[in-house]
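Structure record follows, encoded as structure tokens.
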Amino acid sequence: AQSVAQPEDQVNVAEGNPLTVKCTYSVSGNPYLFWYVQYPNRGLQFLLKYITGDNLVKGSYGFEAEFNKSQTSFHLKKPSALVSDSALYFCAVRDKGTYKYIFGTGTRLKVLA
Amino acid sequence: GAVVSQHPSWVICKSGTSVKIECRSLDFQATTMFWYRQFPKQSLMLMATSNEGSKATYEQGVEKDKFLINHASLTLSTLTVTSAHPEDSSFYICSARNTGGLINEQFFGPGTRLTVL
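Chains as they are written, first to last, in the working numbering: chain A, 619 to 731; chain B, 2 to 118.
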């Protein structure tokens, strides 16, 4: 069965510092991996995805993620955090056949001014 | 980009009543839509897959008679929570799969917060 793990419930980072939100996955075959962000009482906003190709994926709002097959990881990164980046971040894997998403438990990012 | 709307954005109802939530794809056709449920400070859990013109497919543990799903057109799926109880209070999010055009992608709605008193 496919699964996604986000080992950190919360990540705190100072504004201007680089941030990393961790995600590891377990799938058979090549994964379709996604990052979404959720602000309070809002739906999910797409940040980026990895389907195939370059292991470094660049997405919205300056975020990027690196697909690492050997470590089965897809960590989300940003070189310089903004206070407005504070939100709930979900890593997800999508089933290729059914298009169903399996979400991680989410990581709350808090950027401190 | 493609837009998915949900109506209402929030609803409060009394225990025992039924509530209908609509999910619409505004600028594309969606033969498949998905309904998720999110409890406070928890992840999204897939409830069911809604297929246009056919019965929905429910995930294990989801009561199909309680959560009625109708996908009447290529742009509309509805979720009806029947005989709602306080434990049904949750944030319900739909997503719609854009099967047309060059991009086969999926887009999420803004969510509906249901509070059952």
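For every residue, glycine included, the Cβ atom is placed at its ideal position computed from N, Cα and C.
Can you pull the chain B neighbours of residue i, defined as C-beta to C-beta under 8 angstroms?
i	result
T642/A	Within 8 angstroms Cβ-Cβ: nothing; T642/A doesn't reach chain B, min ~15 angstroms.
K714/A	Within chain B, no residue comes near K714/A; the closest Cβ sits about 11 angstroms away, beyond 8 angstroms.
Given 7 angstroms as the limit, tell me if residue i has its C-beta closer than that to any heavy atom belonging to the ligand NAP.
i	result
D28/B	Although the ligand NAP was asked about, the structure shown includes no ligands whatsoever.
Could you tell me which chain B residues have their CB closer than 7 angstroms to the CB of residue i, listed as they occur along the chain?
i	result
K676/A	Neighbours of K676/A on chain B: none; closest Cβ ~17 angstroms, over 7 angstroms.
Counting only Cβ pairs nearer than 7 angstroms, list the residues of chain A close to residue i.
i	result
R98/B	Y717
Q107/B	Y717
R25/B	None at all; the shortest Cβ gap to chain A is about 13 angstroms.
Kindly list the residues whose CB is nearer than 8 angstroms to the CB of residue i, restricted to its own chain and excluding five residues on each side of it in sequence; keep chain order.
i	result
S84/B	G17, T18, S19, K67
T33/B	T50, S51, N52, E53, A97, R98, T100
K65/B	A49, A57, Y59
V629/A	L637, T638, V639, T725, R726, L727, K728
L700/A	E633, V729
E682/A	L666, L674, V675, K676, L694, K695, K696
E106/B	A3, R98, N99
Going along the chain, which residues of its own chain have a beta-carbon closer than 6 angstroms to the beta-carbon of residue i, five neighbours each way excluded?
i	result
L77/B	R25
L662/A	Y654, Q656
N71/B	T79
M46/B	R38
So which residues of chain B does residue i contact, with C-beta pairs closer than 9 angstroms?
i	result
G722/A	S44
Could you give the C-beta distance for residue i and residue j, rounded to a whole number, given that I count them as a contact under 8 angstroms?
i	j	result
G13/B	L80/B	One point to set straight first is that residue 13/B is Ile, not Gly, in the sequence displayed. Rounded, the Cβ-Cβ distance is 17 angstroms, inconsistent with contact.
L727/A	S704/A	6 angstroms
C95/B	W36/B	5 angstroms
P111/B	R660/A	6 angstroms
K42/B	L118/B	With a Cβ gap of about 21 angstroms, K42/B and L118/B do not count as contacting.
For residue i, which residues in chain A fall below 8 angstroms Cβ to Cβ?
i	result
I94/B	G661, L662
G110/B	G661
So, at 7 angstroms on beta carbons, what are the nonlocal neighbours of residue i in its own chain, with the 5 sequence-adjacent residues on each side left out?
i	result
T116/B	I13, S90
Q622/A	Contrary to the premise, residue 622/A reads as Val rather than Gln in this sequence. C641, Y643, C709, A710, V711, I720, F721, G722.
Q624/A	K640, C641, C709, G722, T723, G724, T725
L69/B	T81, T83
L75/B	Q30, A31, T32, E53
A731/A	E633, V701
**OP:** Anything in the region 642 to 675 of chain A with a Cβ closer than 7 angstroms to a Cβ of chain B? List those residues in chain order, please.
**Re:** Listed by position, the residues of the region 642 to 675 of chain A near chain B (Cβ gap below 7 angstroms) are N659, R660, G661, L662.
Original post:
Is there contact between the region 673 to 680 of chain A and the region 630 to 646 of chain A, where contact requires at least three CB pairs shorter than 8 angstroms?
Top reply: no
Original post:
According to a CB-to-CB cut-off of less than 9 angstroms, which residues of the region 28 to 57 of chain B neighbour chain A?
Top reply: T33, F35, Y37, Q39, K42, Q43, S44, L45, M46, L47, T50
Original post:
Would you say the region 686 to 693 of chain A touches the region 639 to 647 of chain A, given that touching needs at least three Cβ pairs under 8 angstroms?
Top reply: yes
**OP:** Identify each residue in the region 698 to 710 of chain A for which the Cβ-Cβ distance to at least one residue of chain B is less than 8 angstroms, and report them in chain order.
**Re:** F708
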